[in-house]
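**Student:** In the UniProt record's numbering, the protein residues as written are 1 to 949.
Cβ coordinates follow ideal geometry from the N, Cα and C atoms, glycine included.
Since this is a predicted model, take the numbers as computed values, not measurements.
Below you'll find the structure I mean.
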């Protein structure tokens, strides 16, 4: 086999100790390249999608670092080393311990939250266990536990010679024991006196009396009636006396199970001490880390078991229209002659509690809503109504009613805090841990910056406060200040997950390591990209090598060292176009696509005209999350960009309100009711369907791939079935499928790999030994078309397949849209689990371009479709999106990319900031008008793009 030509990279100018040397890298489309990467610098690897960036970073550098790590493990782990796939490279020298941070949602576990991912919650648990103060929910007083030292110190506040008597209340350990029996036992233990009504008397004399109290059970005797004398002594500073007093106090606590009373002769009253953690008749749990752990049965809420959600009565179903007041019938289940009596009862007594029956439900305070749900002494609430239905569930109509309003809802016991109620009694700085986890990160950071603890607590919690504050600061610097610690990990985007993982690694303060980050700027507004650069430099300054695969213009400009892979994608890429300082790229790599776009010699042109707007879909009074009661217009038959900084409310407006509200108007089922808004208006009859094209995986099975998703694989299987050898052997289309038994490998079930569980380590994926990763049986692979079997066809890129199947229009028509959206580099049979969120989204876009929506107006919603795209690929994506609009559809794009925003017909800019500082409609109209809005952060950055006209 002829060896590919070697592409040389610049020779290192310093010693090899300061460089990572890669020689002969040949994985995927890499053309036997040599590359030198400087250590302890911020290195950006760029190039068009499919040029080989991920191959050189993830499949070569990181894979080799991981393989060498396994060599240092136990013999159990090393037994799999021989089967781990070695990167296709001659050698790599100077490699550092490698850590890869990919932009994939790390877990779908409902227990995993932002707080647990960043480890901030673990530090919070320790902080509350160490310096937290417990307060009684009844009186609000602090719960304290007395020690022997506390009693001893109190006694020694009196002058020397003061006579002291130490008592305990009658022991209540055996409450059902008769008094005379208990006193006899105490007498046998050596206690000879008791106090009754302020007078001392011998226990023996008390027993010989005929008092009827002796025949009572201990539990029936009024408290504060009888006290047992433990010891009598005079206050003295002599060591023997001090030791005796301490022993007596210890004995008193032991005999009474935690209680003792000190009576100083001559003082007015006895003083009580208690070494049980109790107050106001309640016994509290002493703070410990597990009390605040919702992943532990001890600390988790008993109702929701730490998940925060339960199957119960869904508020959104009970109150479907929150713009209505109680008087107007906001409670959907309280209607009709009989059920309406519940409403009449509330209306009749509402004036007693100043409950506003004419105020819209959405404007009710939390206390007023609680009153409506929990009820009062005068009227039963919504919960009482449904409890009555449950008690009479033997009636069919009641069971139907319960089913109609049941759904996943916030746990009524812990109200989403996930913890048992005792954990909420503990406070630090006047706040409970359940309150802090629902605070936005930026506000939480300010709380810990200004927290005022006592001197002792500062010493105890100083290190914990440092760790918490530093991680919160990193999250704010990374543009994540709008998140909360209680946010479930599965609801995060890939970019958010990646930046959260980066926060955890920054907090660990590792040095001399190699960090490989895949598109960390995903989902970031240009303003927040500047903060990201600062954080990456911090990571570099700790003594680490930071390698970033990136297309973002600002990150490329801030690179210490730039590597451009290209010049194009797939078989036309895999070369080092440039490797050197960023400033040299304009002279040494003049033909690079990256250079052409960065220098302005190539650009994504501003549209010559904006499409006219006539028909609008209006979202009225949007108030979900941080939206500030805004009215937003979405013009039909146009491309609409929804912009704004992270956390400004874009996702809330489009995904949580517009999308489900439109689905409901079109009579389609929605998984969740639309978010809080006054209403939606517009010519709904002109819309036939609404499609959400998000970044979720294109298939749940690892055997799912692009060619099956766009329905091209059926035609390919039919083509192989019609080959002569397939007919002789009686093969059917199913034999060329890896989803059903027949032709697929029996060992790996068509996966091509086997998963080895590594106990406490991450699972290892190994190539199937039977089929060598080819997925099919040998007899099936014998069938070829144009010299290639089914495995080799699936290994082709889309670009290669376009040439290979040029004669088959049915196949070409299915796979060409993949090429049109910039996925020509993707392999036909590439597992969907290896696709990034942006790639999965573009596969979905291609499937829609494939479909013929004859005379059907579809409204498409895209969430960050530019994820992972080079400037050149964004140009292709915009062509595909415009093609949808030209076919008569409407395209809404939630996007930060300025190239997309400037190319839209209509821009909806939210802000001006994120979290509580956002949620306002800053601007809606053509992109040019956004430049005139002073409060728009997006407009400030868009200025340079629109000045290129």
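(1) State the CB to CB distance for the pair residue 710 and residue 815, rounded to an integer number of angstroms; the pair is presumed to be in contact (CB under 8 Å).
(2) Report the start-end ranges of each beta strand (DSSP E) in the stretch 701-769 that is 3 residues or longer and not cut off at the edges.
(3) Express the C-alpha separation of residue 59 and residue 864 in angstroms, rounding to a whole number.
(4) Return the first residue and the last residue of the alpha helix (DSSP H) that residue 342 is part of.
(5) Confirm, please, whether the CB-CB distance from residue 639 to residue 879 is below 9 Å.
(6) Which class does residue 319 belong to by DSSP, given the choice of helix, strand or coil?
(7) What is the rounded straight-line gap between the Cα of residue 86 and the Cα of residue 896?
(8) Can you say whether residue 442 is buried or exposed, counting buried as having 16 or more other CB atoms within 10 angstroms of its CB?
(9) Within 10 angstroms of its Cβ, does residue 684 collect 16 or more other Cβ (buried), or is it exposed?
(10) If contacts are defined as beta-carbon pairs under 8 Å, then residue 416 and residue 451 qualify, I think. What distance do you get, rounded to the angstrom?
(11) Determine, using beta-carbon pairs with one atom in the stretch 910-917 and one in the stretch 639-657, whether at least three such pairs fall under 8 Å.
(12) Taking Cβ positions, are residue 132 and residue 19 nearer each other than 9 Å?
(13) Mind checking who residue 899 pairs with in its DSSP beta bridge?
(14) Compare the Cα-Cα distances from residue 817 to each of 35, 539, 841 and report the closest residue.
(15) Compare the C-alpha of residue 560 against each of 365, 566, 583 and name the closest.
(16) On the DSSP letters alone, give me the boundaries of the beta strand (DSSP E) that residue 514 sits inside.
(17) Have a look at residue 930 and residue 619 and give me their C-alpha separation to the nearest angstrom.
(18) Excluding five sequence neighbours on each side, which residues of the same chain lie with their C-beta closer than 8 Å to the C-beta of residue 850?
(19) Taking 9 Å as the threshold (C-beta atoms), are residue 195 and residue 226 in contact?
(20) Assuming contact is defined by CB atoms lying nearer than 9 Å, are residue 867 and residue 838 in contact in what I supplied?
(21) Do residue 627 and residue 919 have their C-beta atoms closer together than 9 Å?
(22) Residue 23 lies in the beta strand (DSSP E); which residues open and close that run?
(23) Please determine, among 537, 808, 659, the residue with the shortest C-alpha to C-alpha distance to residue 41.
(24) Using the beta-carbon count (16 or more within 10 Å), is residue 507 buried or exposed?
(25) Is it right to say residue 741 is buried, meaning 16 or more other beta carbons lie within 10 angstroms of its own, or is it exposed?
(26) How long is the line joining the alpha carbons of residue 13 and residue 74, rounded to whole angstroms?
(27) Ignore the nearest five residues each way along the sequence and tell me which others in residue 574's own chain have a CB closer than 6 Å to its CB.
(28) Count the other CB atoms, across all protein chains shown, that sit within 10 Å of the CB of residue 881; report buried if there are 16 or more and exposed otherwise.
(29) Quick one: what does DSSP say residue 111 is sitting in, helix, strand or coil?
(30) Any idea which residues DSSP pairs residue 785 with across the strands?
(31) Rounded to the nearest angstrom, what separates residue 705 and residue 98 at their Cα positions?
(32) Specify the secondary structure class of residue 462 as computed by DSSP and reduced to three states.
(33) Assuming the contact rule is C-beta atoms closer than 8 Å, residue 433 and residue 292 should be a hit. Round their C-beta distance to whole Å, please.
(34) Going by other Cβ atoms of all chains shown within 10 Å of its Cβ, with 16 needed for buried, is residue 790 buried or exposed?
(35) Buried or exposed for residue 5, please, with buried defined as at least 16 other CB atoms from any protein chain shown within 10 angstroms of its CB.
(36) From the DSSP output, in three-state form, read off residue 635 for me.
**Tutor:** Considering the structure as presented:
(1) The residue you call residue 710 lines up with position 710 of the chain shown. The residue you call residue 815 lines up with position 815 of the chain shown. For a cut-off of 8 Å, the C-beta gap from residue 710 to residue 815 is around 7 Å, short enough to register as a contact.
(2) Counting only unbroken stretches of 3 or more residues, the beta strand (DSSP E) elements lying wholly within the stretch 701-769 are 753-756, 764-767, in sequence order.
(3) Within the chain shown, residue 864 is the residue found at index 864, counting from 1. Within the chain shown, residue 59 is the residue found at index 59, counting from 1. Going by C-alpha positions, residue 864 is about 26 Å away from residue 59.
(4) Translated into the one-based positions of the chain shown, residue 342 becomes position 342. Unbroken alpha helix (DSSP H) run through residue 342: 340-349.
(5) By one-based count along the chain shown, residue 879 stands at place 879. By one-based count along the chain shown, residue 639 stands at place 639. Using a Cβ distance threshold of 9 Å, residue 879 and residue 639 do not count as a contacting pair.
(6) Walking along the chain shown from the start, residue 319 turns up at place 319. Correct three-state label for residue 319: coil.
(7) On the chain shown, position 86 is the one that residue 86 refers to. On the chain shown, position 896 is the one that residue 896 refers to. Each residue's Cα considered, the two are about 38 Å apart.
(8) By one-based count along the chain shown, residue 442 stands at place 442. That one is buried.
(9) Your numbering for residue 684 matches position 684 in the chain shown. The residue is exposed, with fewer than 16 neighbouring Cβ atoms inside 10 Å.
(10) Along the chain shown, one-based indexing puts residue 416 at 416. Along the chain shown, one-based indexing puts residue 451 at 451. About 24 Å separates the two Cβ atoms, so there is no contact after all.
(11) Result yes; three or more Cβ-Cβ pairs closer than 8 Å.
(12) If you number the chain shown from 1, residue 132 lands on position 132. If you number the chain shown from 1, residue 19 lands on position 19. No, Cβ-Cβ distance for residue 132 and residue 19 is not below 9 Å.
(13) Within the chain shown, the letter at position 899 stands for residue 899. According to the DSSP secondary-structure assignment, residue 899 is paired through a beta bridge with no residue.
(14) Counting from 1 along the chain shown, the entry for residue 817 is found at position 817. When each option's Cα is compared against that of residue 817, the closest is 841.
(15) Position 560 of the chain shown, counted from the start, is the residue given in the question as residue 560. Shortest Cα-Cα distance from residue 560 to any of 365, 566, 583 involves 583.
(16) The residue labelled residue 514 in the question sits at position 514 within the chain shown. Looking at the DSSP string, the run of the beta strand (DSSP E) that includes residue 514 is 514-518.
(17) Your numbering for residue 930 matches position 930 in the chain shown. Your numbering for residue 619 matches position 619 in the chain shown. Going from the Cα of residue 930 to the Cα of residue 619 covers about 20 Å.
(18) Here residue 850 refers to the residue found at position 850 of the chain shown. Non-local C-beta neighbours of residue 850 in its own chain, meaning closer than 8 Å and more than five positions away in sequence, comprise 710, 711, 813, 814, 817, ordered along the chain.
(19) Indexing the chain shown from 1 puts residue 226 at position 226. Indexing the chain shown from 1 puts residue 195 at position 195. Note that the C-beta distance between residue 226 and residue 195 is below 9 Å.
(20) What you label residue 867 is simply residue 867 of the chain shown in a count that begins at 1. What you label residue 838 is simply residue 838 of the chain shown in a count that begins at 1. Result yes, Cβ atoms of residue 867 and residue 838 sit closer than 9 Å.
(21) Position 627 of the chain shown holds residue 627. Position 919 of the chain shown holds residue 919. Going by C-beta atoms, residue 627 is nearer than 9 Å to residue 919.
(22) Taking the chain shown and counting its residues from 1, one reaches residue 23 at position 23. If you look at residue 23, you'll find it in the beta strand (DSSP E) that goes 19-25.
(23) Along the chain shown, read from residue 1 onward, the residue named residue 41 stands at position 41. If we check each option's Cα against that of residue 41, 537 comes out closest.
(24) Counted from its first residue, the chain shown places residue 507 at position 507. The residue in question, residue 507, is buried, as its Cβ has 16 or more Cβ neighbours within 10 Å.
(25) Here residue 741 refers to the residue found at position 741 when the chain shown is read from its first residue. Counting other Cβ atoms within 10 Å of its Cβ, residue 741 stays below 16 and is therefore classed as exposed.
(26) Taking the first residue of the chain shown as 1, we reach residue 13 at position 13. Taking the first residue of the chain shown as 1, we reach residue 74 at position 74. A caution first: residue 13 carries a pLDDT of 42, below 50, which makes its placement in the model too unreliable to give a value.
(27) Taking the first residue of the chain shown as position 1, residue 574 is located at position 574. Once the five neighbours on either side are set aside, the close Cβ partners of residue 574 are 29, 30, 31, 52.
(28) For this step, residue 881 is matched to residue 881 along the chain shown. Answer is buried; the Cβ neighbour count reaches 16.
(29) The residue you call residue 111 lines up with position 111 of the chain shown. In the displayed model, residue 111 falls within coil according to three-state DSSP, outside both helix and strand.
(30) Counting from one through the chain shown, the residue named residue 785 turns up at place 785. Looking at the DSSP assignment, residue 785 forms a beta bridge with 788.
(31) Translated into the one-based positions of the chain shown, residue 705 becomes position 705. Translated into the one-based positions of the chain shown, residue 98 becomes position 98. Cα to Cα, residue 705 sits roughly 29 Å from residue 98.
(32) Locating residue 462 in the chain shown gives position 462, where the first residue counts as 1. Residue 462: helix per DSSP, three-state reduction.
(33) As a working mapping, residue 433 is identified with position 433 in the chain shown. As a working mapping, residue 292 is identified with position 292 in the chain shown. With 8 Å as the limit, residue 433 and residue 292 qualify as a contact, their Cβ atoms being about 6 Å apart.
(34) Against the chain shown, residue 790 aligns to sequence position 790. Classification for residue 790: buried.
(35) On the chain shown, position 5 is the one that residue 5 refers to. Note that residue 5 scores a pLDDT of 37, beneath 50, so its modelled location is shaky and nothing firm can be said.
(36) Taking the chain shown and counting its residues from 1, one reaches residue 635 at position 635. In this structure, DSSP gives residue 635 an extended state, which the three-state scheme calls strand.
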